[in-house]
Amino acid sequence: MPDQNPCKLILALDLETREEAFAMLDRIGDSLEWVKVGLQLFTAYGPDFVREIADRGYKVFLDLKLFDIPNTVAKAVQSISKLPVELLTLHASGGGEMLEWANKARADYSPNLNLLAVTVLTSMDEPQLRSLNVHATTEAQVKHLASLSLNAGIQGLVCSSLELAPLRARFGYEPIIVTPGIRPKGSSADEQKRIMTPHAAAAAGSNYIVVGRPILKADDPAAAAAAIRAELSEV
Ligand code: C5P
Numbered sequence: 385m386p387d388q389n390p391c392k393l394i395l396a397l398d399l400e401t402r403e404e405a406f407a408m409l410d411r412i413g414d415s416l417e418w419v420k421v422g423l424q425l426f427t428a429y430g431p432d433f434v435r436e437i438a439d440r441g442y443k444v445f446l447d448l449k450l451f452d453i454p455n456t457v458a459k460a461v462q463s464i465s466k467l468p469v470e471l472l473t474l475h476a477s478g479g480g481e482m483l484e485w486a487n488k489a490r491a492d493y494s495p496n497l498n499l500l501a502v503t504v505l506t507s508m509d510e511p512q513l514r515s516l517n518v519h520a521t522t523e524a525q526v527k528h529l530a531s532l533s534l535n536a537g538i539q540g541l542v543c544s545s546l547e548l549a550p551l552r553a554r555f556g557y558e559p560i561i562v563t564p565g566i567r568p569k570g571s572s573a574d575e576q577k578r579i580m581t582p583h584a585a586a587a588a589g590s591n592y593i594v595v596g597r598p599i600l601k602a603d604d605p606a607a608a609a610a611a612i613r614a615e616l617s618e619v
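Using our numbering, you'd call the opening residue of the sequence shown number 385 and step up by one each time.
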């Protein structure tokens with residue numbers, strides 16, 4: 385059974401400049417609730433850009449995929465706690481201690497923030513795992529890192545939608561699960577390989593889907609976003 389809360393749409397704001405970003409948000413209009421700010425815009429414009437997005441009324445998913453020694457990651461979480469951010473990513477591969485320190489900083493400084501652990505990047509395949517001396521299957525490694533993260537108290541996971549079923553079977557419906565690699569029927573897959581439709585991802589138990597190019601590159605981004613939301617509301 386999926387969570388009773390409907391799956392929500394997060395727009396991946398993968399654009400080069402703040403002008404392009406705000407023009408896109410203006411085109412989509414205020415029916416959009418969530419925006420993902422990634423490394424490209426954050427490294428260009430910094431915390432002020434996050435504040436500007438939040439000042440416009442959006443909820444912010446800050447996708448920085450933190451990965452460093454426990455103290456450094458905890459201090460970064462402490463700094464981010466001053467920003468209007470609701471979801472923040474970090475790499476599960478940083479290890480249990482890093483995850484625990486990050487979660488302690490979250491609890492101390494920003495208890496409403498939810499941390500999301502990235503398990504195995506969807507760009508990694510098994511030959512690449514082997515090159516890192518990881519001999520497990522991708523699914524086993526995803527489950528292992530998910531377990532490490534949730535045991536460290538992390539609130540949620542980012543994973544491919546194809547991993548939703550095994551993760552929900554193993555960990556139930558409490559963890560927040562966010563899935564990128566979403567393509568509405570008829571839209572280009574781009575370079576994403578392991579994709580699902582919005583409806584299928586929501587039905588498989590995703591709490592939030594992250595969608596970039598199918599909206600950003602649509603002739604009518606507002607209509608594309610509305611169509612995705614309509615699909616989600618049918619689940
Ligand atoms: O344009 P598209 O819908 O493919 O964008 C997906 C977004 O989700 C991008 O911002 C990408 O960096 C992010 N993402 C992903 N796969 C992951 C983690 C994040 O595609 N495993």
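Idealized CB from N, CA, C, for every residue including glycine.
In this text, all values refer to a predicted model and were calculated from it rather than measured experimentally.
With a cutoff of 9 Å on beta-carbon distance, Leu393 and Ile593 are scored as near each other.
Residue pairing by DSSP places Lys392 opposite Tyr592 in a beta bridge.
Closer than 8 Å to some heavy atom of the ligand C5P: that describes the Cβ of Ser507. Ser590 has its alpha-carbon roughly 11 Å from the corresponding atom of Ile566. Distances from the alpha-carbon of Asp447 to those of Pro598, Ile599, Thr456 and Trp418 put Trp418 closest.
Within 10 angstroms of the beta-carbon of Asn487 lie 16 or more other beta-carbons, which makes it buried. By the neighbour-count criterion, in which 16 or more other beta carbons inside 10 Å mark a residue as buried, Thr506 falls on the buried side. Under DSSP, Phe445 forms a beta bridge with Lys420 and Leu471. Secondary structure at Ile612: helix, using DSSP grouped into helix, strand and coil. Collapsing the DSSP output to three states places Ala501 in a strand. When the Cα atoms are used, Lys527 and Met580 turn out to be separated by approximately 20 Å. Here Thr503 is buried: its Cβ has 16 or more other Cβ atoms, across all protein chains shown, within 10 Å. The DSSP assignment places 498-502 as complete runs of the beta strand (DSSP E) inside the stretch 486-531, in order along the chain (cut-off: 3 residues). Using a 10 angstroms sphere on the CB of Arg440, the tally of other CB atoms stays under 16, which defines it as exposed.
Val461: member of the alpha helix (DSSP H) spanning Pro454 to Ile464, first to last residue.
Going by C-alpha positions, Tyr429 is about 25 Å away from Ala602.
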